[in-house]
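Residue numbers (this note's numbering): 764 to 1028.
Glycine included, every Cβ here is placed at the ideal spot set by N, Cα and C.
Here the structure comes first, spelled out in structure tokens, and everything after it is commentary.
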Ligand SMILES: [Cu+2]
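Printed below as a string of structure tokens:
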């Protein structure tokens, strides 16, 4: 299971000291088009998701070549963000510079999750016209999001106010699937994968937030699940346990109540 927000944070290795700053001496200041910028930022996420992903922890030369060859739509979307925000705010400029460097190297494992989260936070805060879903994680339950949740693009913010690490893994039930979520999660992997499709994931340590964007949240029946083992108090402990490869000795949070239905209309 992937805890996107957490997993990425660990692998952060792309130190970008040369983050782009807009020069802007030669052109008159153009107006920012926030609606276009917000839409373009969702298009960036969609285009990134559509890239071929490296199989292992490191990108092979073949992976890198495939990423470079498929990077065009990402660059188009980045350009649209820049065009919409002529005076590009720093978190956005940092993310654009990072992604362009990846477009050149083709190394998708160089994504810096801190920069990624900073730009998602920026757009969550400024894209007031977008559907924004706020979910609070406590020990051991989800609170929110406010309903109704409607189909289309959605920005998700997970706020961890608990004492343990939490994640929000969002699955969509297959159409016509009516069994309870607990039953579906207990199925063998192949069968469970047919009943529940991974839609989005994010994770945060105690007191932290994390963000994710779903380009097109389809109408349907969803379930939010936290798989973090009981007693995981820090992100360091979480990653150490993941890397050890050993089975957790405590049950996952969803067995303690951290599982919630979500209907998208
Ligand atoms: Cu949890």
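For residue i, is the classification buried or exposed, using 16 other Cβ atoms within 10 angstroms of its Cβ as the cut-off for buried?
i, result
"residue 816", "exposed"
"residue 839", "exposed"
"residue 961", "exposed"
"residue 998", "buried"
"residue 824", "exposed"
"residue 996", "exposed"
"residue 900", "buried"
"residue 973", "buried"
"residue 842", "exposed"
Tell me whether residue i counts as near ligand 1, meaning its Cβ is closer than 7 Å to at least one heavy atom of that ligand.
i, result
"residue 998", "no"
"residue 1016", "yes"
"residue 885", "no"
"residue 1021", "yes"
"residue 930", "yes"
"residue 927", "yes"
"residue 864", "no"
"residue 900", "yes"
"residue 991", "yes"
"residue 903", "yes"
Closer than 7 Å by C-beta to residue i: which residues in its own chain qualify, once you throw out the five before and the five after it? Chain order, please.
i, result
"residue 865", "871, 873 and 874"
Cα-Cα, which of the options is closest to residue i?
i, options, result
"residue 937", "904, 954 and 931", "954"
"residue 724", "793, 908, 989 and 941", "Past the edges of the chain, shown from 764 to 1028, lies residue 724, and the structure says nothing about it."
"residue 880", "965, 890, 927 and 799", "965"
"residue 905", "1026, 987 and 840", "987"
"residue 931", "888, 991, 853 and 978", "991"
"residue 970", "946, 925 and 860", "925"
"residue 798", "896, 1003, 892 and 898", "892"
Start and end of the alpha helix (DSSP H) containing residue i?
i, result
"residue 880", "876–889"
"residue 932", "Taken as a continuous stretch (DSSP letters only), residue 932 belongs to no alpha helix (DSSP H), being part of the beta strand (DSSP E) at 929–936."
"residue 805", "797–813"
For the beta strand (DSSP E) that contains residue i, what are its first and last residues?
i, result
"residue 980", "972–980"
"residue 920", "915–923"
"residue 1025", "1022–1027"
"residue 961", "959–967"
Could you name the residues of the same chain whose beta carbon sits closer than 6 Å to that of residue i, not counting the 5 residues immediately before and after it, in chain order?
i, result
"residue 772", "Its pLDDT being 32, under 50, residue 772 is placed unreliably by the model, and nothing is read from it."
"residue 1012", "none"
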